[in-house]
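Asks: Numbering (UniProt numbering), first residue to last: 1 to 566.
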Amino acid sequence: FEDTLQSVPPRTSVHRCSLSKRSRLVESLPTAPNASVAANLKIRLRRMTLLDPEKTISKQYFRNKLSMVKEQKRQLETAHWLVIHPFSKVSYVLDWIFFLNWFGIYMLLPMYVLLDIRRWPVQIVVIRVLNKPLELLVLLTFLCRGYVDHRQKEIVLDLRKIVLRYLKTFFILDLTILFLDLGMLLGNPPEHFHTQDMILNLLMQIGLLGRAMSHIQIVCILLERIISSRTKRVVIYHAYFTTLMLHYLTVMNVLVPKYAARAETNFPPQSWLTAVFHGRQYKLDSIYFESQMLVGCYFFGVHYLKTKIWYVPEQIFLTFVALVGRLYTLYLLADILLVFGTESHPESRYEKFIVEVNEYMAAKNLPKDLRSRLLKYYECKLQKHFFREAEIMDSLSERLKMEMFLHFAMKLVHNNPSLRLLPASTLSILISKMKAETFLADDIICSIGKPHENIYFISSGTVAVFNSNGHELDHLEDGHDFGLDLGQNYAYVAMETSEVYYVKYAVLQEDTIQYHDIWRTYEKRWLILHHKYQELGERLREGGDTMLHELRRGQLLENLKHRNVL
1 FEDTLQSVPP
11 RTSVHRCSLS
21 KRSRLVESLP
31 TAPNASVAAN
41 LKIRLRRMTL
51 LDPEKTISKQ
61 YFRNKLSMVK
71 EQKRQLETAH
81 WLVIHPFSKV
91 SYVLDWIFFL
101 NWFGIYMLLP
111 MYVLLDIRRW
121 PVQIVVIRVL
131 NKPLELLVLL
141 TFLCRGYVDH
151 RQKEIVLDLR
161 KIVLRYLKTF
171 FILDLTILFL
181 DLGMLLGNPP
191 EHFHTQDMIL
201 NLLMQIGLLG
211 RAMSHIQIVC
221 ILLERIISSR
231 TKRVVIYHAY
241 FTTLMLHYLT
251 VMNVLVPKYA
261 ARAETNFPPQ
271 SWLTAVFHGR
281 QYKLDSIYFE
291 SQMLVGCYFF
301 GVHYLKTKIW
311 YVPEQIFLTF
321 VALVGRLYTL
331 YLLADILLVF
341 GTESHPESRY
351 EKFIVEVNEY
361 MAAKNLPKDL
371 RSRLLKYYEC
381 KLQKHFFREA
391 EIMDSLSERL
401 KMEMFLHFAM
411 KLVHNNPSLR
421 LLPASTLSIL
431 ISKMKAETFL
441 ADDIICSIGK
451 PHENIYFISS
461 GTVAVFNSNG
471 HELDHLEDGH
481 DFGLDLGQNY
491 AYVAMETSEV
501 YYVKYAVLQE
511 DTIQYHDIWR
521 TYEKRWLILH
531 HKYQELGERL
541 REGGDTMLHE
551 LRRGQLLENL
561 KHRNVL
């Protein structure tokens, strides 16, 4: 018997399930414990390019985790593997690299032309040369980074659209700055200033100005991510923007006499710099700080006594600086007064309301868990904006109320097949009779044995279905409805922060009973779901619906079964 058993060849494992072995969704799942280092690294990098649900900006664009998971799934199924989501961890790191890289560019590149590059410290030139690969990397990442199209209100992850957008906007500017700077670093600059240097420098300054708005936008995004207080963000933003503007005007104040005279020496004899240095050797820090003092005085309207301006191009430029300074100072004061003096601003009112809530919870000595639940509820309900919705809705006409209700429930109607088939007039009347309520994670919406009269519709969020034995049967998502059993058979629990509309069963039946086909379809769909829950509950009561349970019963290989895999 043993010889016969040894002679039988071992059975090889055959892959028989319908799920493909290589799919983008499978690649996003955790790898096996014995996977190679390269496979684990690939999966980790792939996850870092997906939307990060923990980022604040993700929570601003998506109401709940379910919609974030759908966005991740959309990227895995439709986008190229090179595409980086704008709300991912990789995008967050690239934003910081872009900021630091361009901060160095704005600080150093304009100053190249103040003196001959051969007079620059060697370490600065070495740092700039070594930084070129990083600049090239930042340039290439813009060819695969998704973006938010605010006009169409969508997140674009199509690689072709991303590439075309970058080629049409900033590709030429970035390439011009990169190679002009590299040419100036690696080339052999002439001893004196010539026309070709002026042209190259002028092209570089145009490129820097063209990229300035993108740099400011990145600064605003990063400030929103790291600083929650709007007041602090505004102060830091204005301080940074003012410093950057003064720095650029300081450099241009030195370039104007060069560009105007096309001097063969560093500065023309009529220039204020020639009068200040009196034939002494020009040093980079001395030239920069003297120019900064002059520009700062004209910018903020302070009289500069050290020297007088006789050269006409310099007079024109400093007049322009004074004009820009007056206008910018007025704008700066107005914006700061607006931030510090707007007590009726929605965000300020929201913060005051949250302070009152915290004082109330402290006075009532509420436990820490209940306090965090209350704060999460108000954050989701008010969306960091405080207003009296009831008073606003009461002031509207009936027609405007109908349109407002339809707008609020647009997503619900789009995802629910029964509501989508109703006429607009009936639908608006039905939605106007609905009430909305926000449930936090683990909140019980309906309990078994506690009859209710409501039918519920999920606008956003996830709700779990439980039977009387405590078995979790299903997860309901956006657009699903529940409660037709009126609390007799199933319990419904919110799995995350969920916004739910509800209406009485009698009202729903009264408004839709005239549409017999829609009502019969609605009841038939519920009966099918009810039978499905009953069968699943029986299997779970007998021992479960797992592969281990079926293996013990000897039915794992005999009965092919479709399993949902996310």
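Note that beta-carbon positions come from the ideal geometry of N, C-alpha and C, so glycine has one too.
(1) Tell me which same chain residues have a C-beta within less than 6 angstroms of the C-beta of V125, skipping the five on either side of it?
(2) Which residues in the same chain have their Cβ closer than 8 angstroms to the Cβ of G325, if we skip the five residues on either side of it in sequence?
(3) How far does the alpha helix (DSSP H) with L421 in it reach, from first residue to last?
(4) In the DSSP assignment, find the alpha helix (DSSP H) that holds S91 and state where it starts and stops.
(5) Examine the Cβ distances between the region 441-453 and the region 535-542 and report whether three or more of them are shorter than 8 angstroms.
(6) Determine the closest residue to H531 out of V500, K59 and Y490, with distance taken between C-alpha atoms.
(7) How is the beta strand (DSSP E) around Y147 delimited, first residue to last?
(8) Please name the residue in P53, L440 and Q60 whose C-alpha comes closest to that of V69.
(9) Tell me the rounded alpha-carbon separation between C220 and S291.
(10) Residues in its own chain within less than 7 angstroms of P86 by CB, not counting five upstream and five downstream?
(11) In the DSSP assignment, the beta strand (DSSP E) including L473 goes from what residue to what residue?
(12) I need the straight-line Cα distance from L284 to L100, nearest angstrom please.
(13) May I have the straight-line CA-CA distance separating V83 from N131, to the nearest angstrom?
(14) When we look at the beta-carbon of D442 and count the other beta-carbons within 10 Å, is it buried (16 or more) or exposed?
(15) Below 8 angstroms on the Cβ atoms is my contact criterion, and I expect E496 with K65 to pass it. Report the Cβ-Cβ distance as a whole number of Å.
(16) Tell me which same chain residues have a C-beta within less than 6 angstroms of the C-beta of Y505, skipping the five on either side of it?
(17) From L143 to G210, what does the alpha carbon distance come to, in whole angstroms?
(18) Taking the alpha helix (DSSP H) that K73 belongs to, which residues open and close that run?
(19) With a threshold of 8 angstroms between beta carbons, is H414 in contact with chain B?
(20) Can you find at least 3 beta carbon pairs, one from the region 244-254 and one from the region 318-337, that sit closer than 8 angstroms?
(21) Compute the Euclidean distance between the alpha carbons of K433 and E351, then round it to the nearest angstrom.
(22) Who does I84 pair with in a DSSP beta bridge?
(23) Between which two residues does the alpha helix (DSSP H) containing K168 stretch?
(24) With a 10 Å radius around its C-beta and 16 neighbouring C-beta atoms as the bar for buried, classify W310 as buried or exposed.
(25) Have a look at E27 and W96 and give me their C-alpha separation to the nearest angstrom.
(26) Give me, in chain order, the residues of the same chain whose beta-carbon lies closer than 7 angstroms to that of Y377; leave out the 5 immediate sequence neighbours on both sides.
(27) Is it true that the CB of L427 sits closer than 8 angstroms to the CB of L419?
(28) Within the same chain, show all residues whose beta-carbon is closer than 8 angstroms to that of N469, passing over the 5 residues directly before and after it, in chain order.
(29) Do L244 and Y106 have their beta-carbon atoms positioned less than 8 angstroms apart in this structure?
(30) Check the C-beta distance from L208 over to V129 and give it rounded, since I have them as a contact under 8 angstroms.
(31) Per DSSP, which one or two residues make a beta bridge with Y492?
(32) Excluding sequence positions up to five away, which residues of its chain have a Cβ less than 8 angstroms from the Cβ of M111?
(33) What do you get for P451, buried or exposed, if any count of 16 or more other CB atoms within 10 angstroms of its CB means buried?
(34) Looking only at C-alpha atoms, which of L178, R44 and S91 sits nearest to L222?
(35) Work out the CA separation of R233 and H303 for me, nearest whole Å.
(36) Three-state secondary structure (DSSP) at D454?
Replies: Short version:
(1) Along the sequence shown, one-based indexing puts residue 125 at 125. Nothing meets the Cβ criterion.
(2) Taking the first residue of the sequence shown as 1, we reach residue 325 at position 325. Y298, F299, F300 and G301, listed in sequence order.
(3) Taking the sequence shown and counting its residues from 1, one reaches residue 421 at position 421. Premise fails: L421 is in no alpha helix (DSSP H) and is neither H nor E.
(4) Against the sequence shown, residue 91 aligns to sequence position 91. Run containing S91: K89 to L108, per the alpha helix (DSSP H) assignment.
(5) no
(6) One-based indexing of the sequence shown puts residue 531 at position 531. Closest by alpha carbon: Y490.
(7) Along the sequence shown, one-based indexing puts residue 147 at 147. Per DSSP, Y147 belongs to the beta strand (DSSP E) from Y147 to D149.
(8) For the purposes of this step, residue 69 is taken as residue 69 along the sequence shown, with counting starting at 1. The option with the nearest alpha carbon to V69 is P53.
(9) Within the sequence shown, numbered from 1, the residue matching residue 220 stands at position 220. Within the sequence shown, numbered from 1, the residue matching residue 291 stands at position 291. Cα-Cα distance, rounded: 29 angstroms.
(10) Here residue 86 refers to the residue found at position 86 when the sequence shown is read from its first residue. R145, G146, Y147, V148 and I155.
(11) Numbered from 1 along the sequence shown, position 473 holds the residue referred to as residue 473. Note, L473: beta strand (DSSP E), E472 to L476.
(12) Counting from 1 along the sequence shown, the entry for residue 284 is found at position 284. Counting from 1 along the sequence shown, the entry for residue 100 is found at position 100. Roughly 23 angstroms separates the two Cα atoms.
(13) On the sequence shown, residue 83 is found 83 positions in, with the first residue counted as 1. On the sequence shown, residue 131 is found 131 positions in, with the first residue counted as 1. Taking the straight line from one Cα to the other gives about 24 angstroms.
(14) Taking the first residue of the sequence shown as 1, we reach residue 442 at position 442. Result: exposed.
(15) Position 496 of the sequence shown holds residue 496. Position 65 of the sequence shown holds residue 65. Indeed, because the Cβ distance is near 5 angstroms, the residues count as touching under 8 angstroms.
(16) As a first step, residue 505 must be located in the sequence shown, where it is residue number 505. Once the five neighbours on either side are set aside, the close Cβ partners of Y505 are E453 and I455.
(17) Indexing the sequence shown from 1 puts residue 143 at position 143. Indexing the sequence shown from 1 puts residue 210 at position 210. Rounded to the nearest angstrom, the two C-alpha atoms are 18 angstroms apart.
(18) For the purposes of this step, residue 73 is taken as residue 73 along the sequence shown, with counting starting at 1. Where K73 is concerned, the enclosing alpha helix (DSSP H) stretches over K65 to T78.
(19) In the structure shown, chain B does not exist; there is a single protein chain.
(20) yes
(21) For the purposes of this step, residue 433 is taken as the residue at position 433 of the sequence shown. For the purposes of this step, residue 351 is taken as the residue at position 351 of the sequence shown. Taking the straight line joining both Cα atoms gives about 32 angstroms.
(22) Counting from one through the sequence shown, the residue named residue 84 turns up at place 84. Beta-bridge pairing links I84 to R145.
(23) Translated into the one-based positions of the sequence shown, residue 168 becomes position 168. Here the alpha helix (DSSP H) through K168 covers L159 to T169.
(24) Here the question's residue 310 lines up with position 310 in the sequence shown. Exposed.
(25) Numbered from its first residue, the sequence shown carries residue 27 at position 27. Numbered from its first residue, the sequence shown carries residue 96 at position 96. The predicted model places E27 with a pLDDT of 45, which falls under 50 and marks its position as unreliable, so this point remains unresolved.
(26) For the purposes of this step, residue 377 is taken as residue 377 along the sequence shown, with counting starting at 1. Only T438 and L440 meet the Cβ criterion.
(27) Start at 1 with the first residue of the sequence shown, and residue 419 comes out as number 419. Start at 1 with the first residue of the sequence shown, and residue 427 comes out as number 427. Yes. Within cutoff.
(28) For the purposes of this step, residue 469 is taken as the residue at position 469 of the sequence shown. Here the set comprises G537, L540 and R541.
(29) Counting from 1 along the sequence shown, the entry for residue 106 is found at position 106. Counting from 1 along the sequence shown, the entry for residue 244 is found at position 244. Yes, Cβ-Cβ distance for Y106 and L244 is below 8 angstroms.
(30) As a working mapping, residue 208 is identified with position 208 in the sequence shown. As a working mapping, residue 129 is identified with position 129 in the sequence shown. At roughly 19 angstroms, the Cβ-Cβ gap does not stay under 8 angstroms, so L208 and V129 are not in contact.
(31) Within the sequence shown, the letter at position 492 stands for residue 492. According to DSSP, which records beta bridges pairwise, Y492 is partnered with C446 and V465.
(32) As a working mapping, residue 111 is identified with position 111 in the sequence shown. Once the five neighbours on either side are set aside, the close Cβ partners of M111 are V251, L284 and Y288.
(33) Taking the sequence shown and counting its residues from 1, one reaches residue 451 at position 451. Its Cβ having fewer than 16 others within 10 Å, P451 is exposed.
(34) For the purposes of this step, residue 222 is identified with residue 222 of the sequence shown, where counting begins at 1. When each option's Cα is compared against that of L222, the closest is S91.
(35) Indexing the sequence shown from 1 puts residue 303 at position 303. Indexing the sequence shown from 1 puts residue 233 at position 233. Near 32 angstroms, if we compare the C-alpha coordinates of R233 and H303.
(36) Within the sequence shown, numbered from 1, the residue matching residue 454 stands at position 454. The sequence shown places Asn at residue 454, not Asp. It is a strand residue.
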